[in-house]
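Colleague: Taken in sequence, the protein lines are chains P and W.
For the first sequence, position 241 (counting from the first letter as 1) is numbered 241 according to our numbering, and the numbering increases by one without interruption.
For the second sequence, position 124 (counting from the first letter as 1) is numbered 124 according to our numbering, and the numbering increases by one without interruption.
Think of the CB as a built atom: it goes at the ideal place given N, C-alpha and C, for glycine as much as any other residue.
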Amino acid sequence: MEEHIVPADAEQAVSTEAEQAVLAEADALAEAEAAEQAAPQRRRINRAVLAENLWGWFFVCFLVIGTTVFVYLAFVLSVWMSFVDYRGDGTLWEALGQSNENGAFYWYKYMFSSTMPGLFGQAGPGGLENFGTSLLNTVFYLIGIPVGMALSLFFAALMSRDIKGAGAFRVIYYIPTVSSTVSVALLWSNLFGAGGTMSTLFNAQFINGDRWMQMLTVLILTTWKGLGGSILLLCAGMNGVNESHKEAASIDGANAWTTFWRISLPQLWPTIFYCIVTSFIGGMQIFAEPDLIYGNGITNAAVMPVTPFVGLIYGQYYTNQTYSYCSALGIILMIIILLLTLVQFWLDSRRDKV
Amino acid sequence: MSEETNVVAAASAEEKLSFFQTVQKGLCKFASWLGFGSKYYRSNKRRKKIFFDVITYVILIGFAFIMIYPFWWMISASFASTRSIMVGNSAWWPTQTAGEQYGDLFYHYGNVLTIANGSGTTLFQSIGVTLMFSLVPVTIGIITSTMAAFAFAKLNFKGKNFIFFYCLAGIMIPGPSIMITQYCIFTELGWTENGLSMIIPGCFGAIMTAFFVRQYLFGMPTAIIEAAKIDGAGYWRIFWQFVVPLAMPAIAAQFILSFIGSWNNYMGPLLFVQERSWWPLALLVRWFDQESSGSEQNAPAVMAISVLALLPVLILFAVFQKWILGSIMLTGSKE
């Protein structure tokens, strides 16, 4: 503490003064200490929270901007564009400002109509015929999915047996999945082409055969190419099946077949369901394989019987530049995929109840 | 293994066996060799497993052959000298006499260079563009995706859940539904003429990549981050020095998968690249097919360029297959 040298006569008064001063100082110190203890801590918490918020937003901002601009903005503009009439003349922004003189729903009406006049040089009434054909083709291409699922379940079951070299098989079966679609499609068009090895082997016309054989060729390609992915996922699922459940079943006298159907399969169902849903979503968007092997149905009407739905969108874009019609078709495709997915989830929820 | 030990009830029934029973017993004996039990013979677990193992191997090897054979056909076809030899006659190896073979075995691989020059781009330029379209957006995109994944998995900020589901809901919009609008936007911006349309969108990261890295990061202990924070490391430093190295297996696998996806991308460049000098390999190969598949002399060159387009991806896959397959089995992402 401070020591004042003071005259003796004023000692008393000064001492009280000094005491008071000391007391006041102590009070101030305590206050300051308390303030020091409280204030910076509160400030530090605020700063930490703020920093975490700011950094959090910073870390996600690229993904959010990308999603907003290239997915959501594009989607909103797609919906908007389907209600106007944009055919590549003038800028996009100008076209979006003008309304469709044939009515806002012209393109939606056109695609479901068989009486409206043809589009540009394209003969034939309305868009319904092409719409129906391409949708039917897409649905036909979906047949490969259940076949592929059954096959991959079979192979996954074989690979998860206690055998040597299962990993090597997984790698080999995955090779077609990573290979380039363009290369593989061109390979297919030679392998299954007129007089090609497969045509000779099976004594059948594939690529130059009728419509169904042509689509079957694409079906074989997509199944062959998609097998590896689902096998891998199912193998991972099989590893997750509870071993003790299997053991309990076998102690209770179940054979391997029953164990597979009653123990493994129900526990594997979420994986199978995931595979089916994603395959259907991807399968509805099939485009590259038929396009590379046969060409496009709008550019060349002879190919229309094998053109999938996305091929129709691409053909309208490429041949006629009817961007608004393409957008309308795209919206319909999205609704179809959404409904298909909802139906699958609905069926799955019913399975749980049963 | 002697038959006597396997016999259960054979001795007593030995005397009076009808013809049918003899046949039945013979069949059961045959089955017992394979390990199956019957009323005459006990089952043998070891033999049964060997029996099923053999069947498994036969089926798996048979289908592995189906998986591989088209690639073999592709390579052998690229060595054929003409179209008719390639298509008609080359189940294993093109049957051609020395007279039919013009040039050397690799004639068509050289021919690829010559034919590609007529497309408005060259093979090497196209390979360079493909590398650029694959490496640049995938590298930057994986960083931005991992950043978002880190924030979603380990940071608390306002609106995190909303932003996460906002991003995740984006995958419900199928690509073909918005591709025409994207084309129009990119055309307005002038990106379709200079390849930027294939580079810039990818740099903002991919939702699925972010999602799977986030799943991986959930398994990482938060204590490490807390400790780093207490020691005074900022979030930026935590991200680069802790999160990225720790999540490296997931990041690397997603990187390779995205790279392969970009390399094989067909629809994107088909719509978004209008200049031939910016054609990636996929479009060059497509042009090549349209140009030469009808030609008697040049058709095998189509297979040659297909092999060339396929090779880098297959090599990459062969080198990193352990990571790739591990990541797919871990995260459930198929592409």
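Mind checking W/V313: buried by the 16 CB within 10 Å criterion, or exposed?
Modeller: Taking the first residue of the second sequence as position 1, residue 313 of chain W is located at position 313. W/V313 is buried by the Cβ-count criterion.
Colleague: So who's on the other strand from W/Y40, going by DSSP bridges?
Modeller: Here residue 40 of chain W refers to the residue found at position 40 when the second sequence is read from its first residue. Partner(s): none; W/Y40 has no beta bridge.
Colleague: Taking only the alpha-carbon atoms, compute the straight-line gap between P/T67 and W/F51 and give it to the nearest angstrom.
Modeller: Here residue 67 of chain P corresponds to residue number 67 of the first sequence, with the count starting at 1. Here residue 51 of chain W corresponds to residue number 51 of the second sequence, with the count starting at 1. Roughly 54 Å separates the two Cα atoms.
Colleague: For the segment 45 to 117 of chain W, which segments carrying the alpha helix (DSSP H) assignment without a break, of at least 4 residues, lie completely within its bounds, in sequence order?
Modeller: Annotation: the segment 45 to 117 of chain W contains the following complete segments of the alpha helix (DSSP H) (minimum length 4 residues), in chain order: 45 to 78, 83 to 88, 107 to 116.
Colleague: Here's the rule: buried if 16 or more other CB atoms are within 10 angstroms of the residue's CB, otherwise exposed. What is P/R211?
Modeller: The residue labelled residue 211 of chain P in the question sits at position 211 within the first sequence. The residue is exposed, with fewer than 16 neighbouring Cβ atoms inside 10 Å.
Colleague: Around the Cβ of P/S114, are there at least 16 other Cβ atoms within 10 angstroms (buried) or fewer (exposed)?
Modeller: To locate residue 114 of chain P, count along the first sequence from 1; it is residue 114. So P/S114 ends up on the exposed side.
Colleague: Return the chain-ordered list of same chain residues with a C-beta closer than 8 Å to the C-beta of W/V304, the five sequence neighbours on each side being excluded.
Modeller: Reading the second sequence from its first residue, position 304 is the one you call residue 304 of chain W. Note that residue 304 of chain W is Ala in the sequence shown, not Val. Excluding residues within five positions, the ones whose Cβ falls inside 8 Å are S78, H108, Y109, N111, V112.
Colleague: Do P/A328 and P/S82 have their beta-carbon atoms positioned less than 7 Å apart in this structure?
Modeller: Here the question's residue 82 of chain P lines up with position 82 in the first sequence. Here the question's residue 328 of chain P lines up with position 328 in the first sequence. Contact flag set, yes.
Colleague: Would you mind reading off the limits of the alpha helix (DSSP H) that contains W/F133?
Modeller: Taking the first residue of the second sequence as position 1, residue 133 of chain W is located at position 133. Run containing W/F133: 123 to 154, per the alpha helix (DSSP H) assignment.
Colleague: Which residue wins for smallest C-alpha separation from P/R351, given the options P/P266, P/F131, P/A166, P/I231?
Modeller: Taking the first residue of the first sequence as position 1, residue 351 of chain P is located at position 351. The option with the nearest alpha carbon to P/R351 is P/P266.
Colleague: Strictly under 7 Å for the Cβ-Cβ distance: is P/E247 near chain W by that measure?
Modeller: The residue you call residue 247 of chain P lines up with position 247 of the first sequence. Not an interface residue.
Colleague: Under a three-way DSSP split, which group does W/I328 fall into?
Modeller: The sequence position of residue 328 of chain W within the second sequence is 328, counting from 1. Of the three classes helix, strand and coil, the one that applies to W/I328 here is helix, per DSSP.
Colleague: Which residue comes first and which comes last in the alpha helix (DSSP H) that contains W/Y171?
Modeller: Position 171 of the second sequence holds residue 171 of chain W. Looking at the sequence itself, residue 171 of chain W is Ile, so the reference to Tyr does not match. Looking at the DSSP string, W/I171 is not in any alpha helix (DSSP H), and its letter there is neither H nor E.
Colleague: When the cut-off is 7 Å and only beta carbons count, does P/L340 lie next to chain W?
Modeller: For the purposes of this step, residue 340 of chain P is identified with residue 340 of the first sequence, where counting begins at 1. P/L340 does not count as touching chain W.
Colleague: On the DSSP letters alone, give me the boundaries of the alpha helix (DSSP H) that W/L34 sits inside.
Modeller: If you number the second sequence from 1, residue 34 of chain W lands on position 34. Counting along the chain, W/L34 falls outside any alpha helix (DSSP H), and DSSP gives it neither H nor E.
Colleague: Can you give me the C-alpha to C-alpha distance between P/N296 and W/L270, rounded to a whole angstrom?
Modeller: Counting from 1 along the first sequence, the entry for residue 296 of chain P is found at position 296. Counting from 1 along the second sequence, the entry for residue 270 of chain W is found at position 270. Using only the alpha carbons, I get a separation of about 13 Å.
Colleague: Report the neighbours of P/E243 on chain W: residues whose CB is nearer than 9 Å to its CB, in chain order.
Modeller: Stepping through the first sequence from its first residue, residue 243 of chain P is reached at position 243. Simply none; closest approach about 17 Å.
Colleague: Are there any heavy atoms of the ligand SAH lying less than 6 Å away from the beta-carbon of W/Q274, as far as the coordinates show?
Modeller: Inclusion of the ligand SAH in the displayed structure is not the case, the ligand content being empty and no account of it being possible.
Colleague: Measure the C-alpha to C-alpha separation of P/I337 and P/I281 and round it to an integer number of angstroms.
Modeller: Along the first sequence, one-based indexing puts residue 337 of chain P at 337. Along the first sequence, one-based indexing puts residue 281 of chain P at 281. Cα to Cα, P/I337 sits roughly 6 Å from P/I281.
Colleague: What residue range does the alpha helix (DSSP H) around W/P201 cover?
Modeller: Within the second sequence, residue 201 of chain W is the residue found at index 201, counting from 1. Residues 196 to 203.
Colleague: The alpha helix (DSSP H) with P/K225 in it runs from where to where?
Modeller: Against the first sequence, residue 225 of chain P aligns to sequence position 225. It spans 211 to 239 - the alpha helix (DSSP H) in which P/K225 sits, taken as one unbroken run.
Colleague: With 7 Å as the threshold, decide whether the Cβ of P/A288 is near any Cβ in chain W.
Modeller: As a working note, residue 288 of chain P is residue 288 in the first sequence. Yes - at least one Cβ of chain W is within 7 Å of the one on P/A288.
Colleague: Taking beta-carbon pairs under 7 Å, can you tell me which members of the segment 160 to 186 of chain P lie near chain W?
Modeller: Cβ proximity to chain W below 7 Å picks out R161, I163, F169, R170, V171, I172, Y173, Y174, I175, P176, V178, S179, S180, T181, V182, S183, L186 from the segment 160 to 186 of chain P.
Colleague: With a threshold of 7 Å between beta-carbons, can P/M334 be considered close to chain W, or not?
Modeller: For this step, residue 334 of chain P is matched to residue 334 along the first sequence. So, interface residue.
Colleague: Starting from W/D216, follow the alpha helix (DSSP H) in both directions and report where the run begins and ends.
Modeller: Residue numbering aside, residue 216 of chain W sits at position 216 when the second sequence is read from its first letter. Residue identity check: residue 216 of chain W is Tyr in the sequence provided, not Asp. Start and end: 207 to 218.
Colleague: Compare the beta carbon distance of W/S145 and W/A233 with 7 Å and say whether it is the shorter of the two.
Modeller: Start at 1 with the first residue of the second sequence, and residue 145 of chain W comes out as number 145. Start at 1 with the first residue of the second sequence, and residue 233 of chain W comes out as number 233. In this structure, W/A233 does not lie closer than 7 Å to W/S145 by Cβ.
Colleague: Would you give the residue range spanned by the alpha helix (DSSP H) that W/A250 belongs to?
Modeller: Taking the second sequence and counting its residues from 1, one reaches residue 250 of chain W at position 250. Looking at the DSSP string, the run of the alpha helix (DSSP H) that includes W/A250 is 248 to 264.
Colleague: Please classify W/K154: is it buried, with 16 or more other beta-carbons within 10 angstroms of its beta-carbon, or exposed?
Modeller: For the purposes of this step, residue 154 of chain W is taken as residue 154 along the second sequence, with counting starting at 1. Classification of W/K154: buried, given that the 10 Å Cβ count is 16 or more.
Colleague: Can you name the start and end residues of the alpha helix (DSSP H) that P/A248 belongs to?
Modeller: Numbered from 1 along the first sequence, position 248 holds the residue referred to as residue 248 of chain P. Annotation for P/A248: the continuous alpha helix (DSSP H) segment containing it runs 243 to 251.
Colleague: Under 8 Å, with one C-beta from each stretch per pair, do the segment 186 to 201 of chain W and the segment 130 to 146 of chain W reach the 3-pair mark?
Modeller: Contact between the segment 186 to 201 of chain W and the segment 130 to 146 of chain W is established, with three or more Cβ pairs separated by less than 8 Å.
Colleague: Hey, would you say W/Y40 sits closer than 7 Å to W/K25, going by beta carbons?
Modeller: As a working mapping, residue 40 of chain W is identified with position 40 in the second sequence. As a working mapping, residue 25 of chain W is identified with position 25 in the second sequence. Yes, the pair counts as a contact, with Cβ atoms nearer than the cut-off.
Colleague: According to the Cβ coordinates, are W/I178 and P/S189 closer than 7 Å?
Modeller: Residue numbering aside, residue 178 of chain W sits at position 178 when the second sequence is read from its first letter. Residue numbering aside, residue 189 of chain P sits at position 189 when the first sequence is read from its first letter. Cβ atoms of W/I178 and P/S189: not closer than 7 Å.
Colleague: Work out the CA separation of P/S324 and P/D85 for me, nearest whole Å.
Modeller: Translated into positions along the first sequence, residue 85 of chain P becomes position 85. Translated into positions along the first sequence, residue 324 of chain P becomes position 324. Taking the straight line from one Cα to the other gives about 6 Å.
Colleague: Evaluate P/M1 with the Cβ neighbour count: other Cβ atoms within 10 Å of its Cβ, from every protein chain shown; 16 or more gives buried, anything less gives exposed.
Modeller: Within the first sequence, the letter at position 1 stands for residue 1 of chain P. Because P/M1 sits at a pLDDT of 43, beneath the cut-off of 50, its placement in the model cannot be relied upon, and the following sentence gives the value as read from the coordinates. So P/M1 counts as exposed.
Colleague: Hey, is the segment 226 to 243 of chain W in contact with the segment 279 to 291 of chain W, meaning 3+ C-beta pairs nearer than 8 Å?
Modeller: Using a Cβ-Cβ distance cut-off of 8 Å, the segment 226 to 243 of chain W and the segment 279 to 291 of chain W are not in contact, since fewer than three pairs of beta carbons, one from each stretch, lie closer than that value.
Colleague: May I ask you to list, following chain order, the residues of the segment 62 to 77 of chain P that have a beta carbon less than 7 Å from some beta carbon of chain W?
Modeller: F62, L63, V64, I65, G66, T67, F70, V71, Y72, A74, F75, L77
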